[in-house]
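Chemist: This note's numbering numbers the first residue of the sequence shown as 120 and each following residue consecutively.
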Amino acid sequence: MVEMAQSEFLATLLRFDEQNDLEGLLAQIQNTEHPPERLHAAMTAALLAGRMRVAFILAMLLGNRGQWNALVSLALALGGLLFGNAAEERRGMDGLLLGRDTLPLADAERETLHGRVVVPVFSPLLQTALAQADSGRLMRLMEILHAVTPGWAAGFDRFCAERPRGETLLRFILERPHRYIDKWSHYLEIYERYFARYRGGEVTLIEFGVSHGGSLQMWKEYFGPGARIFGVDIDPRCAVVNEENITVFQGNQDDRNSLRALRAALPRPDIIIDDGGHTMTQQINTLEEFFFHLKDGGIFLAEDLHTSYMRSHGGVYRASDNFIEYTKRLIDQLNARYSEDPALSLDDYGRSMFSMHYFDSVLVIEKRAESAPIQLQRGTPSFNNFS
Ligand SMILES: C[S@@+](CC[C@H](N)C(=O)[O-])C[C@H]1O[C@@H](n2cnc3c(N)ncnc32)[C@H](O)[C@@H]1O
């Protein structure tokens, strides 16, 4: 057999690929017994040149010969997904996840892979999976994406090490099949802190912002069979998310009339989550129209409040109409009964809020209408005067 130069080998493969001659391509790779380093170099060159089919076939061949590394694994995983080969895809995933510990990619390699491979190849696959609501494929793609995204793996490991709380929800997100979900990691601990007491009971939850429906499925599983989960979204496609105990309504947080119509149609909930459009108007409208619809003792949780600092969402630091500034005024209501200033007097919020808790991007309000507190004064005085 005539020894083929590296560049000639790659050029031959690319020519077969251009001619769409898959058999020729495969025969070329399998019949010439190139050393693994040559296959690997050709695969890397093909990947970086954006010639995915050549790269994937080479990667699979290398994988079959036991030549593992993260690059091969990525190509195997994506190639398996592209060509519908579940076994190759699984092997690629195993290699990628293993590679996190044993064969870490240099940051520069991750950047290259991410920019040149993951984005052009991965994004169309992701879009297809999203459009088809193919949750299994979506989860596999997310795993692949995370394994090769610069900083993600390290951030994920740190998150797992630092935040053991929120574990039940994290396990659902990472391990259970479900529709696409989009939550910030630290929210999980906050959810569990306020929602745990409702688990296993008869709970009604309304979430604004359905997207692909993953969070509604998470709530259904977290709270159990007694839960009635309602979603509201402006996008009519969200109706596909309907299933037993999950009902989606179409509605617009920008439109007070729409919110009022929803309020008339929806039962009084124990929990409201605002994860909708996150503009200032939408957040204020939703709080004003729905806070008093909560059951007494209920929880209003508004998330992604960082949009108060983002012009894209109408948020400007310290602008009086941003949601953070709006809710700061509610803090005054928590204490309004003590006000000596006529500009501040107790209103319905003050009479209905038990507490307001601020976190990074999240506000939790506990609704509890209580009569004015009384001072509890008992015990033996230690001095002969009171001050
Ligand atoms: C961040 S996503 C929701 C994510 C989902 N809760 C999850 O955890 O996977 C935001 C959703 O808000 C919806 N939305 C945007 N503007 C809206 C509006 N004016 N009224 C209602 N929903 C809106 C979008 O259609 C999108 O589905």
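Heads up, the beta-carbon is just placed ideally off N, CA and C, and yes, glycines get one too.
#1: What is the residue span of the beta strand (DSSP E) that residue 520 lies within?
#2: Going by Cα to Cα distance, which pick from 462, 246, 471 is closest to residue 453?
#3: How is the alpha helix (DSSP H) around residue 391 delimited, first residue to last?
#4: Quick check on the DSSP output: the alpha helix (DSSP H) that includes residue 199 runs from which residue to which?
#5: Hey, how far is the Cα of residue 302 from the Cα of residue 129?
#6: Can you look up residue 438 in the DSSP assignment and give me helix, strand or coil?
#7: Between the alpha carbons of residue 371 and residue 401, how many angstroms are there, rounded?
#8: Under three-state DSSP, which class holds residue 491?
#9: Between the segment 376-395 and the segment 440-456, can you find at least three pairs of beta-carbon atoms closer than 8 Å?
#10: Does the distance from the C-beta atom of residue 320 to that of residue 345 stay below 8 Å?
#11: With a cut-off of 7 Å, give the chain-ordered residues whose Cβ is closer than this to any heavy atom of ligand 1.
#12: Would you mind listing the alpha helix (DSSP H) stretches within the segment 347-420 that are 4+ residues and don't spill past its ends, in chain order?
#13: Relative to the C-alpha of residue 172, which residue among 188, 142, 416, 184 is closest?
#14: Quick check on the burial criterion: 16 or more other C-beta atoms within 10 angstroms. Buried or exposed for residue 138?
#15: Report all residues from its chain with a CB closer than 6 Å to the CB of residue 286; omit the five preceding and five following residues, and keep chain order.
#16: Quick check on DSSP: helix, strand or coil for residue 289?
#17: What three-state label does DSSP hand residue 446 in the structure shown?
#18: In the DSSP assignment, find the unbroken beta strand (DSSP E) run with residue 484 in it and report its ends.
#19: Roughly how many whole angstroms lie between the Cα atoms of residue 175 and residue 257?
#20: Round the Cβ separation of residue 512 and residue 399 to the nearest angstrom and send it over; I've been treating them as touching at under 8 Å.
#21: Around the C-beta of residue 120, are 16 or more other C-beta atoms found within 10 angstroms, so that it is buried, or is it exposed?
#22: From residue 254 to residue 379, what does the alpha carbon distance come to, in whole angstroms?
#23: Measuring alpha carbon to alpha carbon, tell me which of 464, 416, 407 ends up nearest residue 514.
#24: Within the chosen definition, does the segment 427-441 reach the segment 359-367 through at least 3 CB pairs nearer than 8 Å?
#25: Find the nearest neighbour of residue 101 within the set 483, 126, 270, judged by alpha-carbon distance.
#26: Which whole-angstrom value describes the C-beta separation of residue 298 and residue 333, a residue pair presumed to lie in contact below a C-beta threshold of 8 Å?
#27: The alpha helix (DSSP H) spanning residue 247 covers which residue range?
Modeler: Taking the coordinates as given:
#1: Nothing about residue 520 can be read from this structure; the chain reaches only from 120 to 506.
#2: For residue 453, the nearest C-alpha among the options comes from 471.
#3: DSSP places residue 391 in no alpha helix (DSSP H) but in the uninterrupted beta strand (DSSP E) bounded by 390-393.
#4: Counted as a single uninterrupted DSSP element, the alpha helix (DSSP H) harbouring residue 199 occupies residues 189-201.
#5: C-alpha of residue 302 to C-alpha of residue 129: approximately 43 Å in a straight line.
#6: Here residue 438 sits in coil by DSSP.
#7: As the crow flies, the alpha-carbon of residue 371 is around 8 Å from that of residue 401.
#8: Shown here, residue 491 sits in coil according to DSSP, grouped into three states, outside any helix or strand.
#9: In short, these stretches do not touch, since the Cβ pair count stays below three.
#10: Yes, they are a contact pair.
#11: Taken from the N-terminal end onward, the list reads 299, 300, 301, 302, 326, 327, 328, 329, 330, 331, 333, 334, 351, 352, 353, 354, 357, 370, 371, 372, 373, 394, 395, 396, 401.
#12: List check, alpha helix (DSSP H) in window: 375-384, 399-409.
#13: It is 142.
#14: Exposed: under 16 other Cβ atoms inside 10 Å.
#15: For residue 286, there are no CB contacts under 6 Å within the same chain when 5 residues up- and downstream are skipped.
#16: Of the three classes helix, strand and coil, the one that applies to residue 289 here is helix, per DSSP.
#17: Under the three-state reduction of DSSP, residue 446 is assigned to helix.
#18: In the DSSP assignment, residue 484 falls within the beta strand (DSSP E) that extends over 481-486.
#19: Each residue's Cα considered, the two are about 20 Å apart.
#20: Nothing about residue 512 can be reported from this structure: the residues present for the chain run from 120 to 506 only.
#21: Any reading at residue 120 needs caution, since the residue's pLDDT is 38, under 50, leaving its predicted position unreliable; the model's value is listed next. The Cβ neighbour count for residue 120, taken over all protein chains shown within 10 Å, is under 16; the residue is labelled exposed.
#22: Cα-Cα distance, rounded: 33 Å.
#23: Only positions 120 to 506 of the chain appear in this structure, which leaves residue 514 out of reach.
#24: Touching, no.
#25: The chain is shown from 120 up to 506; residue 101 falls before or after that span and cannot be answered.
#26: The Cβ separation is near 4 Å, so the contact holds.
#27: Element bounds for residue 247: 242-250.
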